[in-house]
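Written below as structure tokens is the structure these notes are about.
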Amino acid sequence: MSGNSIVKTESAVFYWSKAGIYFLTSEGGGMSAKAQNISESTIQSLFTGLPKACKEYATGSYDPINRRVTWLYNDDITFDGISYKYKFTKELVLDLVLSAFSKNTISALDGTSPYVAGYITTP
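Okay, here's the thing in structure tokens:
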């Protein structure tokens with residue numbers, strides 16, 4: 000779905016597809032890779048319930064210290080990907096240590112409010 004949803008970690012590559020959230024790992028240390036849907040048995044209903052535009056503009060990041068893969072997305076039903084396409088309202092967190100998903104909500108202030116538009120990687 001979104002090229003910005005691709006996240007590389009030490010041992011795998013995670014990405015959002017039309018069918019769910021997948022990760023790629025190398026098989027046997029060779030050049031072949033195996034894809035596995037990691038959302039299927041956990042958060043698949045949340046993922047499939049998101050409108051197409053929400054998935055197309057999702058953006059991911061990796062925190063190697065805490066070993067967390069995170070994705071920002073907008074789950075507003077009126078989100079069309081045209082106006083404020085990088086205005087995110089939710090963050091999906093995959094904790095690689097716990098092998099568990101969690102979700103954070105990014106709330107707006109009253110009136111004109113600043114908003115989260117992406118991740119900034121720092122050293």
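Everything in the sequence shown is counted per numbering that gives the first Met the number 0, starting at 0 for the first residue and increasing by one. Quick reminder that beta carbons are idealized off the backbone N, C-alpha and C, glycines included.
In the three-state reduction of the DSSP assignment, F22 falls in the strand class. According to the DSSP assignment, E90 belongs to the beta strand (DSSP E) that extends over 89-94. Looking from the CA of Y61, the closest CA among Y21, V92, A18, G2 belongs to V92. By alpha-carbon distance to D74, the top candidate from N65, V68, R67, K84 is K84. Residue burial annotation: V96 is exposed, with fewer than 16 other C-beta atoms found within 10 angstroms of its C-beta. In chain order, K86 place their CB closer than 6 Å to the CB of Y114, counting only its own chain and leaving out the 5 sequence neighbours on each side.
Taking C-beta separations shorter than 6 Å and ignoring five residues to either side along the sequence, the partners of I42 in its chain run F100, following chain order. Under the three-state reduction of DSSP output, N3 falls in the helix class. Secondary structure of S101 (DSSP, three-state): strand. In the DSSP secondary-structure assignment, K17 is not bridged to any residue. Rounded to the nearest whole angstrom, the CA to CA distance from V6 to Y14 is 6 Å. W70 is positioned such that its CB atom lies no closer than 9 Å to that of A52. Boundaries for K86: no alpha helix (DSSP H) harbours it, and the DSSP string shows neither H nor E there.
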